[in-house]
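Each residue of the sequence shown is one higher than the one before, counting from -9 in our numbering.
Every residue, glycine too, gets a C-beta built ideally from N, C-alpha and C.
Keep in mind the model is a prediction, meaning the values are calculated, not measured.
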Amino acid sequence: CMSMLYQDANWSRKDLKEPIETVKQQVTKSKTSALSKDRLGYYINALVEKSRSGHNVSITDVWGLIIESFLFGKEDKTKLSDQQIAVRRGQNPYPIYASLNVRSDLSVADFGEWFEYTPYEAGLPKYGAYIPVQHFGSRFFMGYLIKKCPEIRLSFLHGMSYI
């Protein structure tokens, strides 16, 4: 839901009643439309488009599209870098989103890799490896960009962070 706020460059200077009410309406409505024939067709097309652009596709992408349906009720083409306008002058708190990679055979204390992403960069603090967020999903080798893919939509990042 934080990502919805950052679509407005000056959200922190405004009353939050309207965005809160919008989110409430979206999350409390019937979820059956997220599994309608039309939405399933949309999911397939979005996954094919993501694959054609050179990105890997996984089950988390489907989850991201379902979350998109729950939160927006329609396609959301925004990207994480679109949030730069909402933070570049320091007018809003700086968002740092995180996902945690875990293994079922090890405890989080023994194996837990945090992945952080912001409007400017994405990376793994454990390895000190970060890239510009516009290159997230592109292929790198030994620190060099070898295959540039377009920046992925925020909806697919939602799939990684809400699981």
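Run through DSSP, which three-state label would residue i get?
i, result
"residue 50", "helix"
"residue 29", "helix"
"residue 64", "coil"
"residue 3", "helix"
"residue 21", "coil"
Residue i bridges to which residues according to DSSP?
i, result
"residue 121", "112"
"residue 129", "137"
Along the beta strand (DSSP E) that carries residue i, what are the first and last residues, could you check?
i, result
"residue 106", "102 to 107"
"residue 89", "87 to 92"
Starting from residue i, trace the alpha helix (DSSP H) both ways and give me its first and last residue.
i, result
"residue 135", "No alpha helix (DSSP H) holds residue 135; the beta strand (DSSP E) holding it covers 134 to 137."
"residue 16", "7 to 18"
"residue -5", "-8 to -5"
So the candidates are the options; which of them puts its Cα closest to the Cα of residue i?
i, options, result
"residue 77", "88, 5 and 0", "0"
"residue 25", "59, -3, 43 and 9", "59"
"residue -2", "83, 17, 43 and 113", "83"
"residue 118", "129, 128 and 133", "133"
Taking three-plus beta-carbon pairs below 8 angstroms as touching, is the segment 110 to 128 in contact with the segment 70 to 80?
yes
Count the CB pairs spanning the segment 54 to 65 and the segment 81 to 93 that are closer than 8 angstroms, and state whether there are at least three.
no
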